[in-house]
Amino acid sequence: MNSFGKIEPLPKVTKRQAECLRYIAGFLMQHNYYPTQREIANAMGIHSNTAYAFTEPLRKKGYLEISKQIGRRNLILTDQAYRLLK
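Right, dumping it as structure tokens:
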């Protein structure tokens, strides 16, 4: 929401980025903690180094945040991600 109270449109995501967000949300619901980059890569059938290619654009679009305090499980879904996943 901007300062005038209008809801701004969500940034577009690719089909694979949406799949990545759904996986992260589902993993969180099932385990009560976030997946690692390696777990995301395994679930998506990609190399573990390639998971960054999905998570970094999602971070830049505002769907993920990275916490330096959590360690390896440092990806956090934002409110914007939850709005998209509804």
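Take the sequence shown: its position 28, counting from 1, is numbered 9 in the working numbering, and each next residue is one higher.
A virtual CB, placed ideally from N, CA and C, is assigned to each residue, including glycine.
Going by alpha carbons, who is nearest to residue i out of the options?
| i | options | result |
| --- | --- | --- |
| K42 | T17, Q11, D60 | D60 |
Identify, in the order they occur along the chain, each residue of the same chain with its Cβ nearer than 8 angstroms to the Cβ of residue i, setting aside the five sequence neighbours on each side.
| i | result |
| --- | --- |
| S29 | Q18, R19, A22, N23 |
| A(-1) | L65 |
Note down the Cα distance separating residue i from residue j, rounded to an integer number of angstroms.
| i | j | result |
| --- | --- | --- |
| Y14 | F8 | 7 angstroms |
| H12 | Y63 | 17 angstroms |
| P(-10) | R53 | 31 angstroms |
| Q50 | P16 | 15 angstroms |
| V(-6) | C1 | 10 angstroms |
| A32 | M10 | 20 angstroms |
| M25 | P(-8) | 22 angstroms |
| I27 | A34 | 10 angstroms |
Taking residue i and residue j to be in contact with their CB atoms under 8 angstroms, please state how far apart those CB atoms are, rounded to whole angstroms.
| i | j | result |
| --- | --- | --- |
| Y66 | R3 | Residue identity check: residue 66 is Leu in the sequence provided, not Tyr. About 7 angstroms; that satisfies the 8 angstroms criterion. |
| L39 | I47 | With 8 angstroms as the limit, L39 and I47 do not qualify as a contact, their Cβ atoms being about 10 angstroms apart. |
Which residues in the same chain as residue i place their Cβ atom closer than 7 angstroms to its Cβ, once the five residues preceding and following it in sequence are excluded?
| i | result |
| --- | --- |
| A68 | Residue 68 lies beyond the stretch modelled for the chain, which goes from -18 to 67, so this question has no answer here. |
| L45 | T36, L39, L56, I57, L58, T59, A62 |
Give the DSSP bridge partners of residue i, in chain order.
| i | result |
| --- | --- |
| I21 | I21 is not bridged to any residue. |
| L58 | L45 |
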